[in-house]
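Residue numbers for the sequence shown follow the working numbering, beginning at 508 and rising by one.
Note that the Cβ used here is the ideal one computed from N, Cα and C, for glycine as well.
The structure presented is a predicted model; accordingly, all values stated were derived computationally and were not measured.
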Amino acid sequence: MPTDKFKTTLVTFKFMAPLDEETMTSRSLLSKLLVRATKKWPTDKAFNRKLSELYGAYVNSFVTKFKDKHVITLTLEIVNERYLKHKDPLFDEG
């Protein structure tokens with residue numbers, strides 16, 4: 508829902524799968540790895556540096572249980588580009 512109230516953009520992805528004892532640990536580990544590094548920024552330090560370059564963008568992940576589902580939630584919060592002097596495509600980079 509579009510609004511002019513906030514100075515950041517928040518994007519959340521939820522991945523649901525059947526709750527399974529065999530995959531529970533690997534899914535929890537995956538959720539933590541997804542917010543630590545990427546192919547382009549392979550170390551924790553490089554990844555955090557890139558987040559800082561994006562005006563302190565914030566990423567988070569956590570795992571929850573909903574009924575009989577295992578849910579991985581990924582969140583990205585990034586500054587809204589219209590509040591910047593220069594119009595870099597921050598959302599695309601985030």
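#### Entry: The alpha helix (DSSP H) enclosing THR532, as first and last residue numbers
Translated into the one-based positions of the sequence shown, residue 532 becomes position 25. Segment 531-540, the alpha helix (DSSP H) holding THR532.
### Query
What do you get for LEU540, buried or exposed, if any count of 16 or more other CB atoms within 10 angstroms of its CB means buried?
The residue you call residue 540 lines up with position 33 of the sequence shown. So LEU540 ends up on the exposed side.
### CB of VAL570 within 8 Å of CB of ILE579, strictly
By one-based count along the sequence shown, residue 570 stands at place 63. By one-based count along the sequence shown, residue 579 stands at place 72. Contact flag set, yes.
### Message
Rounded to whole angstroms, what is the Cα-Cα separation between THR510 and ALA544?
### Response
In the sequence shown, residue 510 corresponds to position 3, counting from 1. In the sequence shown, residue 544 corresponds to position 37, counting from 1. Taking the straight line from one Cα to the other gives about 31 Å.
### Member of LYS572, LEU583, LYS576 and GLU529 whose CA lies at the smallest distance from the CA of TYR565
Counted from its first residue, the sequence shown places residue 565 at position 58. Closest by alpha carbon: LEU583.
### Query
What's the call for SER538, buried or exposed, on a 16-neighbour Cβ count within 10 Å?
Translated into the one-based positions of the sequence shown, residue 538 becomes position 31. So SER538 ends up on the buried side.
#### Entry: 7 Å CB neighbourhood of LYS557 in its chain, flanking five on each side removed
Position 50 of the sequence shown, counted from the start, is the residue given in the question as residue 557. TRP548.
### Message
Using a Cβ-Cβ cutoff of less than 6 Å, which residues in the same chain neighbour PHE520 once the five nearest sequence positions on both sides are dropped?
### Response
For the purposes of this step, residue 520 is identified with residue 13 of the sequence shown, where counting begins at 1. Excluding five sequence positions before and after PHE520, the CB atoms of its chain that fall closer than 6 Å to its own CB belong to LEU581, given in chain order.
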